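Student:
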């Protein structure tokens, strides 16, 4: 009796294939046919799992967000417990940047996703929800750190949250080699030192 | 005798048409045919001016960079003379963000351009040159401000330059409405206040 293929597992395999195609060739060339070839499934099978490119991209993005979340948790697990809020923000921010190959693949897809979302109301709504959730998470960390006296009381937590998120602007600079990874990490450390300094 | 059409002017008209198509539909749908329709020229004429989509995108990006430069200069002209270096950096940074319609069109094209550049060695080289020129300009402003005593001597100008450039990460947050323009401006003012404070 053939082993039943796990639906979720198959979708994740396809998501990985999409990441590889996007990393190599860009989203505009990531057709259903190209992804089915990369995932080694038939076009019909691919369409069984995803009815459209947008549906495939949406799943791949959700899966990528989970992967970032796993990487953040792994990064947090190796810190002194309980971790200092500065280190929690640092790990969270660094894992959003294309500093390592696995982050680069998902970051490229994320950039393609944002561009697609500007012209597709459904994707746009999903992208906004994802970004707002990320923003809420960072703001919660900032507020907690401030409540515990790690961030000066005079700082506006909403402004500080926006500044932290805006630093994901290192992504294209890193991707194009205009800023090297150690320089990006040094700049983020500088920013966090200033945020946490009294 | 028919008025001779200025080559440069025609190319700029096409660049504007490309911006509109990219803003409305995204780069992946900005075919030569679509742009020729938008620019109201025949496909053959368009191909006379630009041999490929990449060539058209490159020109449109260079033209966009000139437009940003004009907007920065107009912004600087209305400041008290000579302008304070904090204000020069502020105008430069704000004009790089999609805070106004004309900036939004060029920012979307820029995002598409960076994504394309990752998979096209020629575009990549041009994108790197453009970004490095921009980075050099900002670093020169930071170093001058520091030499003139406006930025504390202890600050590392390379790190501060990278942090300023990274704040262009507000672009997707603004585009998707996760951060509103006044909040982005407030955050940038906060960052500059901290940079220029002793």
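Chains as they are written, first to last, in the UniProt record's numbering: chain U, 1 to 198; chain L, 1 to 198. Note that the Cβ used here is the ideal one computed from N, Cα and C, for glycine as well. Just so it is clear, the structure is predicted and the values come from calculations on it, not from any experiment.
Take the Cβ of residue 43(U) as the centre, count every other Cβ of all protein chains shown within 10 Å, and call the residue buried at 16 or more, exposed below.
Tutor: Residue 43(U) should be labelled exposed.
Student: Residues in the same chain with beta-carbon distance under 8 Å from residue 189(L), minus the five sequence neighbours each way, listed in chain order, please.
Tutor: Around residue 189(L): 90.
Student: In chain U, which residues lie less than 8 Å from residue 31(L) when you measure between Cβ atoms?
Tutor: Those within 8 Å of residue 31(L) in chain U number zero; the least Cβ separation is about 11 Å.
Student: How many angstroms separate the CA atom of residue 133(U) from the CA atom of residue 31(U)?
Tutor: Distance between the alpha carbons of residue 133(U) and residue 31(U): 29 Å.
Student: Going along the chain, which unbroken runs of the beta strand (DSSP E) with 3 or more residues stay wholly within the UniProt DNA-binding region "H-T-H motif" (31-50) of chain U?
Tutor: Within the UniProt DNA-binding region "H-T-H motif" (31-50) of chain U, no complete beta strand (DSSP E) run reaches 3 residues.
Student: If you follow the alpha helix (DSSP H) that residue 70(L) is part of, which residue opens it and which one closes it?
Tutor: Note, residue 70(L): alpha helix (DSSP H), 53-77.
Student: Examine the Cβ distances between the stretch 8-21 of chain L and the stretch 47-65 of chain L and report whether three or more of them are shorter than 8 Å.
Tutor: Touching, yes, given that three or more Cβ pairs across the two stretches are closer than 8 Å.
Student: I'd like to know if residue 172(U) contacts chain L, where contact means its C-beta is closer than 9 Å to some C-beta of that chain.
Tutor: So yes, residue 172(U) belongs to the interface.
Student: CB-CB under 6 Å to residue 92(U), same chain, minus the five flanking residues each way: which ones, in chain order?
Tutor: 72, listed in sequence order.
Student: Name, please, each residue of chain U whose Cβ falls closer than 8 Å to the Cβ of residue 167(L).
Tutor: Residues of chain U passing the Cβ test: 163, 166, 167, 169.
Student: At 9 Å on the CB atoms, spell out the chain U contacts of residue 183(L), in chain order.
Tutor: Within chain U, the residues near residue 183(L) are 158, 159, 162.
Student: Where residue 113(L) and residue 53(U) are concerned, what is the direct C-alpha to C-alpha distance, given to the nearest angstrom?
Tutor: Computed Cα separation, rounded: 21 Å.
Student: Considering residue 81(U), what are the terminal residues of the alpha helix (DSSP H) in which it resides?
Tutor: Unbroken run through residue 81(U): none, as it is neither H nor E.
Student: Since residue 153(L) is in the alpha helix (DSSP H), which residue starts that stretch and which ends it?
Tutor: Residue 153(L) -> no alpha helix (DSSP H), and no H or E assigned at all.
Student: Rounded to the nearest angstrom, what separates residue 107(L) and residue 50(L) at their Cα positions?
Tutor: Computed Cα separation, rounded: 21 Å.
Student: Sorted by chain position, which residues of the same chain lie with C-beta nearer than 7 Å to residue 193(L)'s C-beta, five sequence neighbours on each side aside?
Tutor: If we look at residue 193(L) and ignore the five residues flanking it on each side, it has no Cβ neighbours.
Student: List, in order along the chain, the chain L residues whose C-beta lies closer than 8 Å to that of residue 124(U)?
Tutor: Residues of chain L passing the Cβ test: 176.
Student: Whose C-alpha, out of 26(L), 21(L), 8(L), is nearest the C-alpha of residue 111(L)?
Tutor: That would be 26(L), whose Cα lies nearest to the Cα of residue 111(L).
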